[in-house]
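Single-structure report; data block below.
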Amino acid sequence: MTPSNNLFASIDMGTNSFKMLIIQTDKTGKFLTIDRHKDPVCLGRDFSSSISKESLFRAVTCLKRFNQVLKANKISPQQTICVATATVREASNAFDFKRSVLESIGFEVSVLSGEEEARFVYLGVLQFLPVFDKRVLVIDIGGGSTEFVIGERGNVVFGVSLKLGHVGLTQKFGKDWNLMEMREFVKLVIKESELVEKVKDFGGFEVVVGTSGTIRAIERAVFSGYGKECVEGNEVFLRDCKREWKFSRGELSGVVERLCREGEEERVKRDGFFKRRSEFIVAGSVLLEEIFEAVGIEEMEVSEYALGEGVIAETLSKVFEGYDLNANARWHSAVRLATRFSGKKGIKSAAQCSSIAKEIFEGLRKWGEVAGNQINVFLDVKDLECLEAACLLHNIGLITGKKGYHRQSYHIITNGNHLQGYSAEEVKLIALLTRHHRKKFPKFDGGSLQEFAEELKQKFRVLCAIIRLSVVLQQSDGLNFQDMEFLHSQEGFKLIFREAGAIASFPLPEDMGKELRNELEHFKIVFQQNLLLEVLPE
Numbered sequence: 001m002t003p004s005n006n007l008f009a010s011i012d013m014g015t016n017s018f019k020m021l022i023i024q025t026d027k028t029g030k031f032l033t034i035d036r037h038k039d040p041v042c043l044g045r046d047f048s049s050s051i052s053k054e055s056l057f058r059a060v061t062c063l064k065r066f067n068q069v070l071k072a073n074k075i076s077p078q079q080t081i082c083v084a085t086a087t088v089r090e091a092s093n094a095f096d097f098k099r100s101v102l103e104s105i106g107f108e109v110s111v112l113s114g115e116e117e118a119r120f121v122y123l124g125v126l127q128f129l130p131v132f133d134k135r136v137l138v139i140d141i142g143g144g145s146t147e148f149v150i151g152e153r154g155n156v157v158f159g160v161s162l163k164l165g166h167v168g169l170t171q172k173f174g175k176d177w178n179l180m181e182m183r184e185f186v187k188l189v190i191k192e193s194e195l196v197e198k199v200k201d202f203g204g205f206e207v208v209v210g211t212s213g214t215i216r217a218i219e220r221a222v223f224s225g226y227g228k229e230c231v232e233g234n235e236v237f238l239r240d241c242k243r244e245w246k247f248s249r250g251e252l253s254g255v256v257e258r259l260c261r262e263g264e265e266e267r268v269k270r271d272g273f274f275k276r277r278s279e280f281i282v283a284g285s286v287l288l289e290e291i292f293e294a295v296g297i298e299e300m301e302v303s304e305y306a307l308g309e310g311v312i313a314e315t316l317s318k319v320f321e322g323y324d325l326n327a328n329a330r331w332h333s334a335v336r337l338a339t340r341f342s343g344k345k346g347i348k349s350a351a352q353c354s355s356i357a358k359e360i361f362e363g364l365r366k367w368g369e370v371a372g373n374q375i376n377v378f379l380d381v382k383d384l385e386c387l388e389a390a391c392l393l394h395n396i397g398l399i400t401g402k403k404g405y406h407r408q409s410y411h412i413i414t415n416g417n418h419l420q421g422y423s424a425e426e427v428k429l430i431a432l433l434t435r436h437h438r439k440k441f442p443k444f445d446g447g448s449l450q451e452f453a454e455e456l457k458q459k460f461r462v463l464c465a466i467i468r469l470s471v472v473l474q475q476s477d478g479l480n481f482q483d484m485e486f487l488h489s490q491e492g493f494k495l496i497f498r499e500a501g502a503i504a505s506f507p508l509p510e511d512m513g514k515e516l517r518n519e520l521e522h523f524k525i526v527f528q529q530n531l532l533l534e535v536l537p538e
């Protein structure tokens with residue numbers, strides 16, 4: 001299969017929710033989830049042994065909406081992977097369900113075994129956390145089952161699926177949560193499965209990683225101080241900047257204790273924080289606490305990536321020869337930081353900015369390699385990596401509000417050891433690119449650049465011109481950022497886009513047009529040549 005663009009999608013049909021991910025990647029292994037869609041289909045609601053007609057209708061309706069998004073993004077069926085887990089796996093009418101989906105929408109559904117599901121979750125984790133060389137126990141709590149997998153260096157050593165899920169437990173023990181009985185039931189299932197003994201027999205683990213919406217929601221609760229008196233101010237912001245993707249057994253117990261408090265006030269607080277997940281969060285958190293106790297877990301790292309990303313990673317390993325699951329550890333650390341502070345919209349716009357910047361950078365580098373052409377500085381792969389990281393992180397400061405957010409982006413990057421694999425000089429370069437991607441042009445003969453060597457100052461000058469222009473262009477509606485080309489002719493440089501829809505992209509709105517003209521003028525000063533923008537019809 002030859003991909004038509006660098007976008008892939010996965011659809012995970014779970015017991016509680018259907019989730020669709022759209023990821024941007026390339027053959028080097030750079031991997032970024034740029035869009036997420038989720039629908040609480042509740043396929044497992046009132047499930048006995050088969051999927052009801054009502055559940056099938058909700059499923060097909062959801063998948064039709066997903067298909068519209070895929071078509072809008074021009075993601076082909078060959079670049080879309082659709083999988084189903086526990087409820088479909090156990091349904092007596094699974095074949096009829098798959099046929100209905102195929103006939104209604106055209107999606108081929110792969111029903112994963114528990115072991116396959118666990119393996120894909122592990123592959124997803126490797127795209128987010130730097131744990132390739134460690135022996136990792138991955139735990140994924142779903143609506144109908146919980147997957148356990150031990151992996152090392154991309155290979156699964158042990159995997160098992162237990163029929164313990166937050167939806168199933170909630171339905172079995174009711175929304176009033178008979179907690180003592182629930183805990184005893186979880187303990188019994190874990191004991192009968194001999195999970196603890198099997199984990200020991202396979203050599204144990206070095207690190208525990210949790211995935212799934214339930215575990216991420218618990219981590220967010222810990223991160224946000226759920227149930228505690230929150231102190232506003234810069235001190236809390238600085239503390240949160242340095243927070244890692246992990247929580248301890250004590251922090252988990254604190255969240256569980258608060259979740260299990262009774263009374264209307266606590267219910268309102270719980271519903272407000274956990275939103276739609278509120279119905280099942282008590283069962284999910286109690287289940288996780290019992291797993292911590294049984295397996296002897298003291299600390300859990302948390303991965304934002306899981307099954308959906310793992311399914312795509314597996315696909316990419318077949319599409320791109322030599323695709324490396326452990327590639328781009330530096331990039332992964334930038335992704336983790338962006339994911340921590342940017343929402344879905346922020347990640348998507350940052351990814352578009354990165355695509356534009358990469359096209360301009362590579363076009364300039366090719367032009368500079370031709371005899372007689374000069375950019376006044378040698379640009380290499382690591383410079384591109386720093387530029388892409390800066391694009392991905394340029395808007396993370398928006399978490400504190402729009403005013404001065406570029407300074408907050410700089411502040412977050414420089415407070416805490418977030419960017420692993422980059423040198424101190426590279427981290428400083430990335431931070432300064434985010435600091436100066438907007439507003440006043442930086443002074444190159446002093447200030448924050450004073451400690452840089454002359455060559456690095458020249459690199460910063462080039463990269464800064466690229467990121468500033470890319471940020472402005474990304475704000476334009478109607479441009480296809482998957483289909484662009486940077487060229488050079490007698491007239492100067494030319495950046496060609498294709499229209500993504502019927503919206504005319506140039507001329508731009510007056511305020512943005514002024515900003516763009518300023519950046520094009522700055523680009524001309526840096527590179528001594530004009531840059532023309534052209535939009536071709538689709």
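The numbering of the sequence shown is UniProt numbering, which starts it at 1 and goes up by one.
Beta carbons: idealized from backbone N, C-alpha and C, even for Gly.
Closest to residue i by C-alpha separation, out of the options, would be which residue?
i	options	result
D12	S49, T33 and S110	S110
L126	L7, R336 and I105	R336
A351	N328, Q474, P130 and I281	Q474
T87	I525, R517 and S50	S50
E115	D133, G143, G106 and G151	G151
L364	F486, K187 and Q78	F486
T315	T25, F18, K19 and V69	T25
I23	E54, T80 and N67	T80
S113	E90, D96 and V268	E90
K38	E54, D140, K30 and N67	N67
L532	N328, K524, L495 and H522	L495
G250	I297, L164 and F173	I297
Pick helix, strand or coil for residue i, following the three-state DSSP scheme.
i	result
Q352	helix
R498	strand
D324	coil
I11	strand
K30	coil
N415	coil
I291	helix
I218	helix
N530	coil
residue 555	One cannot answer for residue 555 here, as it falls past the ends of the chain, which runs 1 to 538.
F481	strand
K38	strand
G233	At G233, the pLDDT of 44 sits below 50, so the modelled position is not reliable; the number obtained from the coordinates is stated separately. Of the three classes helix, strand and coil, the one that applies to G233 here is coil, per DSSP.
V131	coil
L379	coil
L43	coil
Quick one: what's got a C-beta closer than 8 Å to residue i's C-beta in the same chain, skipping five residues either side?
i	result
V60	S100, V101, S104 and I105
G404	G397
N395	S342, G346, S349, A350, Y405 and S409
V302	V209, G210, T211, I215, R216, E219, W245, K246 and F247
L195	F148, V160, L162, A294 and V295
According to DSSP, which residues form a beta bridge with residue i?
i	result
S248	E299
C82	I11 and V109
S489	G492
E152	N155
V208	L137
I22	A9 and D35
E147	D140 and S161
V286	None; V286 has no bridge partner.
V535	F497
Keeping to the same chain, check which residues put their C-beta closer than 7 Å to that of residue i; ignore five residues upstream and five downstream.
i	result
A304	What sits at residue 304 in the sequence shown is Glu, not Ala. These residues qualify, in order along the chain: F128, R216 and T339.
P77	G106
S212	D140, I141, G142 and A306
residue 541	No information on residue 541 is available, as it lies outside the stretch 1 to 538 that the chain covers here.
For residue i, which residues from the same chain have a beta carbon less than 6 Å from its beta carbon, with the 5 sequence-adjacent residues on both sides left out?
i	result
G168	G144
S470	C353, I356 and A357
L137	I150, F205 and V208
L379	R365
S52	none
F519	At residue 519 the sequence reads Glu, which differs from the Phe that was named. Excluding sequence neighbours, E519 sits near R468, L469 and V472.
R438	H406
Would you please verify whether the beta carbon of residue i is less than 7 Å from any beta carbon of chain B?
i	result
F8	In the structure shown, chain B does not exist; there is a single protein chain.
Contact the segment 311 to 331 vs the segment 253 to 262: 3+ CB pairs below 8 Å: Cβ pair count under 8 Å is below three, so no.
Quick test of the definition: if touching needs 3 or more C-beta pairs under 8 Å, does the segment 448 to 466 touch the segment 425 to 436? The answer is yes - the segment 425 to 436 touches the segment 448 to 466, with three or more Cβ pairs under 8 Å.
For the segment 42 to 54 against the segment 343 to 362, do three or more pairs of beta-carbon atoms, one drawn from each stretch, fall closer than 8 Å, so that the two count as touching? Of all C-beta pairs linking the segment 42 to 54 to the segment 343 to 362, fewer than three are shorter than 8 Å, placing the two stretches out of contact.
Check whether the segment 297 to 311 touches the segment 124 to 138, counting contact only when three or more Cβ pairs, one atom from each stretch, lie closer than 8 Å. Segments in contact, yes.
Between the segment 413 to 427 and the segment 385 to 399, do three or more beta carbon pairs fall short of 8 Å? When C-beta atoms of the segment 413 to 427 are compared with those of the segment 385 to 399, three or more pairs fall below 8 Å, so the two segments count as touching.
Counting pairs of Cβ atoms below 8 Å between the segment 6 to 24 and the segment 57 to 77, do you hit three or more? Judged by Cβ distances under 8 Å, the segment 6 to 24 makes contact with the segment 57 to 77, as three or more pairs qualify.
Using 8 Å as the cut-off, can you tell me whether the segment 171 to 188 makes contact with the segment 276 to 284, which would need three or more C-beta pairs spanning the two stretches below that distance? Yes, they touch.
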